[in-house]
Amino acid sequence: MIPLKYLQAYPVALQDKVRELIAQQRLGEYLARRYPDRHDVQSDKALYAYTTALKQQHLRNAPGIDKVLYDSKLDVVQRALGLHTAISRVQGGKLKAKKEIRVASVFKAAAPEFLNMIVVHELAHLKEHDHNKAFYQLCTYMLPDYHQLELDLRIYLTWRELPGSGGER
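Pasting the structure below:
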């Protein structure tokens, strides 16, 4: 049986469907049909603009974001698709927290829906720190099909690791 590390928390019946697509060598075809496009947010500057526009649209009262960038050091194997951090620095006599969002650089070549899902996830952490009910409600408020996109993103990550996938569609 093929281990599906990104899909372990999902029902066995769903995992079996993914295994069947893998066995038929049709998982890449499934993804290409559902997500045929690639986004054009390629630079850190464009990612910052993209993220702040989403924040302005959905989370106007959330703390500001000081930095957004693609990070080649984020390891999707360790489940870090994106990171939100608050870097504390002393400026003058005050302690300031700089909010940063980092997105794994593997998503430079992903579908726009996957980038959107990751950015929404990291933005939700500006208001909710834990992955609790309120966090996921906020994610679905910003992106109504959040849960389907999260599942499909996990399927995409599974596909990327298959021998012969080339890591990209």
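Going by our numbering, the sequence shown opens with residue 7, and the numbers climb by one from there.
Backbone N, C-alpha and C define an ideal beta-carbon position, used for all residues, glycine too.
Keep in mind the model is a prediction, meaning the values are calculated, not measured.
What residue does the beta strand (DSSP E) around residue i start on, and which one ends it?
i: Asp77; result: Lys73 to Asp77
i: Leu149; result: Leu149 -> no beta strand (DSSP E), and no H or E assigned at all.
i: Val125; result: It is not in any beta strand (DSSP E) - Val125 instead sits in the alpha helix (DSSP H) that spans Pro118 to Ala130.
i: Ile107; result: Lys100 to Ala110
Distance, Cα to Cα, residue i vs residue j?
i: Gln48; j: Asp72; result: 19 angstroms
i: Lys102; j: Val18; result: 47 angstroms
i: Ala130; j: Ala38; result: 28 angstroms
i: Leu80; j: Gln30; result: 31 angstroms
i: Glu26; j: Phe120; result: 23 angstroms
i: Ala140; j: Asn122; result: 19 angstroms
i: Trp165; j: Glu35; result: 10 angstroms
i: Gln14; j: Gln21; result: 8 angstroms
i: Leu177; j: Leu157; result: Residue 177 is absent from the structure shown; the chain starts at 7 and stops at 175.
i: Lys51; j: Leu75; result: 8 angstroms
i: Asp77; j: Lys105; result: 15 angstroms
i: Asp46; j: Leu149; result: 20 angstroms
i: Lys61; j: Leu155; result: 19 angstroms
i: Tyr56; j: Arg160; result: 22 angstroms
i: Leu168; j: Ile28; result: 8 angstroms
i: Tyr41; j: Tyr162; result: 10 angstroms
i: Ser111; j: Asp43; result: 17 angstroms
i: Tyr54; j: Ile8; result: 38 angstroms
i: Asn67; j: Lys11; result: 36 angstroms
Are there 16 or more other CB atoms within 10 angstroms of the CB of residue i, so buried, or fewer, so exposed?
i: Asn138; result: exposed
i: Gly99; result: exposed
i: Ser135; result: Note that residue 135 is His in the sequence shown, not Ser. Exposed, since its Cβ has fewer than 16 Cβ neighbours within 10 Å.
i: Val126; result: buried
i: Ile124; result: buried
i: Val109; result: buried
i: Val24; result: buried
i: Ile107; result: buried
i: Glu128; result: buried
i: Val83; result: Confidence is the limiting factor: at Val83 the pLDDT is only 46, short of 50, which leaves the residue's position unreliable, though a coordinate-based value still follows. Label assigned to Val83: exposed.
Hey, could you find the ends of the alpha helix (DSSP H) residue i is sitting in?
i: Val18; result: Val18 to Ala29
i: Lys51; result: Asp50 to His64
i: Glu35; result: Leu33 to Arg40
At a cut-off of 8 angstroms, is residue i close to the ligand MN when judged by its beta-carbon and the heavy atoms of the ligand?
i: His127; result: For the ligand MN, the structure offers nothing, since it holds no ligand at all.
Just checking: is the beta-carbon of residue i within a distance shorter than 9 angstroms of some beta-carbon in chain C?
i: Phe113; result: Among the protein chains of the structure shown there is no chain C, as only one such chain exists.
Examine the Cβ distances between the region 144-152 and the region 104-117 and report whether three or more of them are shorter than 8 angstroms. Below 8 angstroms, too few C-beta pairs join the region 144-152 and the region 104-117 to call them touching: fewer than three.
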